[in-house]
Amino acid sequence: MNENNYCFLSKKKLEQIQNKIKNNEDVLILGVESSCDETSVSIVKNGRQILSNIIATQIPIHKKFGGVVPEVASRNHILVIDKVLKEALDVAKCDLSSIDAVAVTYGAGLIGALLVGINFAKSLAYALQVPLIAVSHVEGHICANYLSHQKLKPPFLCLMVSGGHTAILKIDSYTSHKLIGTTIDDATGEAFDKVARVLGLGYPGGVEVDKLARQGEANIQFIKNNSLKSSFDFSFSGIKTAVINYVHKLKQSLKQDLNEKQKKDICASFQKFVIDELTSKSLRACKTFNLNKLVIAGGVGANSGLRKKFDEIQKQENIEIFYPNLDLCTDNAGMIASAGYFQIKDNIGIANLNLTAKPTINL
Ligand code: KG4
Ligand code: ZN
Numbered sequence: 430m431n432e433n434n435y436c437f438l439s440k441k442k443l444e445q446i447q448n449k450i451k452n453n454e455d456v457l458i459l460g461v462e463s464s465c466d467e468t469s470v471s472i473v474k475n476g477r478q479i480l481s482n483i484i485a486t487q488i489p490i491h492k493k494f495g496g497v498v499p500e501v502a503s504r505n506h507i508l509v510i511d512k513v514l515k516e517a518l519d520v521a522k523c524d525l526s527s528i529d530a531v532a533v534t535y536g537a538g539l540i541g542a543l544l545v546g547i548n549f550a551k552s553l554a555y556a557l558q559v560p561l562i563a564v565s566h567v568e569g570h571i572c573a574n575y576l577s578h579q580k581l582k583p584p585f586l587c588l589m590v591s592g593g594h595t596a597i598l599k600i601d602s603y604t605s606h607k608l609i610g611t612t613i614d615d616a617t618g619e620a621f622d623k624v625a626r627v628l629g630l631g632y633p634g635g636v637e638v639d640k641l642a643r644q645g646e647a648n649i650q651f652i653k654n655n656s657l658k659s660s661f662d663f664s665f666s667g668i669k670t671a672v673i674n675y676v677h678k679l680k681q682s683l684k685q686d687l688n689e690k691q692k693k694d695i696c697a698s699f700q701k702f703v704i705d706e707l708t709s710k711s712l713r714a715c716k717t718f719n720l721n722k723l724v725i726a727g728g729v730g731a732n733s734g735l736r737k738k739f740d741e742i743q744k745q746e747n748i749e750i751f752y753p754n755l756d757l758c759t760d761n762a763g764m765i766a767s768a769g770y771f772q773i774k775d776n777i778g779i780a781n782l783n784l785t786a787k788p789t790i791n792l
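If you want it as structure tokens, here you go:
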């Protein structure tokens with residue numbers, strides 16, 4: 430280990446916290462998340478217990494633009510982040526002097542938005558003279574499950590389905606994984622959001638498509654089959670484009686907007702295609718890698734149709750399926766604090782004041 434790595438912190442101070450973990454003493458991690466349009470600060474005990482998880486959402490601000498406006502997101506993070514910290518401390522009933530380390534999302538995400546959280550976390554860590562831990566947003570989404578399932582431990586297979594990522598990962602330990610398959614084009618959440626947009630359902634789209642799909646019939650076949658059938662990779666741009674073309678053509682022929690029944694059936698048919706893809710490949714991966722625990726992570730993990738299908742699979746197959754609680758599926762700092770705990774324990778991602786934002790991260 431290079432002493433320079435810690436720059437503002439002695440190696441001894443870092444080791445003190447790692448020893449606390451080894452000796453099963455309580456360790457409090459303060460997490461900071463600002464990668465997109467949620468400003469969040471959380472305090473988590475021992476990687477598993479949420480003392481507070483405050484989320485200031487910017488959804489009402491971005492709704493009128495139909496999507497996140499990056500510059501507006503950065504400015505709003507700046508406006509609220511200190512109030513979010515204060516509330517997180519109040520709810521957790523602790524003060525800054527009891528924080529052992531600060532964990533922050535450094536990517537993937539919107540660069541300006543990430544920089545607000547990173548600089549805030551750096552200042553806190555420096556002022557408190559505690560370690561700063563750089564957490565990948567994707568690792569955070571996986572760790573949301575450790576907050577919801579106290580006994581969950583690696584190894585397991587993870588289906589990561591968010592607005593930015595879609596992947597099947599083999600989780601070997603709390604801090605290491607292998608990529609089994611990924612999307613070759615759009616992420617699942619991105620496809621949901623585009624379908625919502627063409628149907629005029631507003632932002633954020635996934636949850637609206639989910640709502641209408643529950644009331645519709647999956648009676649439209651937009652595309653015949655999927656060319657990646659035998660691999661663990663996904664492709665969602667084909668179905669997305671097919672839905673967009675279908676909607677445009679239908680509107681042209683009707684010379685008016687679609688009615689509610691048409692929108693519901695389109696949502697149900699699109700959602701069924703996506704769910705079939707995600708569930709069939711995850712199940713095949715579990716069997717191929719001989720793992721009987723499947724963990725769902727990311728915002729699309731909140732989808733009611735996906736959860737229903739996985740529940741059916743769980744009843745038929747010898748596979749246990751885990752999802753984060755609904756409020757932990759989408760972006761929050763609790764999952765970042767949890768990841769930070771496991772990283773400091775394994776001495777991974779200890780950052781210094783040079784830490785910067787990364788818009789993309791390889792899985
Ligand atoms: O994980 P997340 O909060 O942010 C990223 O890291 O990207 O995921 C956000 C994505 C959005 O695309 C949103 O539309 C989608 O998750 N989403 C859903 C549902 N709730 C959120 N998609 C389908 N059904 C839902 N119920
Ligand atoms: Zn996310």
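For this note's numbering, count along the sequence shown from 1 and bump the result up by 429. The beta carbon of each residue, even a glycine, is placed where N, CA and C say it ideally should be. Just so it is clear, the structure is predicted and the values come from calculations on it, not from any experiment.
Here I488 is exposed. Its C-beta has fewer than 16 other C-beta atoms within 10 Å. Distances taken from the Cβ of P633 to the heavy atoms of the ligand KG4 include one shorter than 8 Å. Between F585 and S463, the C-beta spacing is not below 9 Å. A contact is defined here as three or more CB-CB pairs under 8 Å, and the region 710-721 meets this definition with respect to the region 656-663. Every alpha helix (DSSP H) stretch that sits fully inside the region 719-752 and reaches 4 residues is listed by chain position as 733-745.
Relative to E637, the option among S565, A573, G734, Y675 whose CA is nearest is G734. DSSP places V559 outside both helix and strand once states are collapsed to three, so it counts as coil. The beta carbon of A731 sits closer than 8 Å to at least one heavy atom of the ligand KG4.
Boundaries of the beta strand (DSSP E) around K607: 605-611.
Nearest neighbour of A786 by Cα position, chosen from T670, G610, I773, I540, turns out to be I540.
Remark: the shortest separation between the CB of T759 and any heavy atom of the ligand KG4 falls under 8 Å.
For Y535, the enclosing beta strand (DSSP E) covers residues 530-536. Taking all protein chains shown into account, D601 has fewer than 16 neighbouring C-beta atoms within 10 Å of its C-beta and is therefore exposed. Counting C-beta atoms within 10 angstroms of its own C-beta, T789 has fewer than 16 neighbours from the protein chains shown and is therefore classed as exposed.
Look at D601 here: in three-state DSSP terms it is strand. Counting of Cβ neighbours within 10 angstroms places H606 among the buried residues, the total reaching 16 or more. For the ligand ZN, no non-hydrogen atom lies closer than 8 Å to the CB of H677. Taken through DSSP and simplified to helix, strand or coil, F494 comes out as coil. Residue pairing of I479 in beta bridges, as defined by DSSP: V473. Contact between E646 and D694 holds: CB atoms are separated by about 5 Å, below the 8 Å threshold.
The beta carbon of A542 sits closer than 7 Å to the beta carbons of S463, S464, C465, P499, A502, S503, H506 from its chain, once the five residues preceding and following it are set aside; these are given in chain order.
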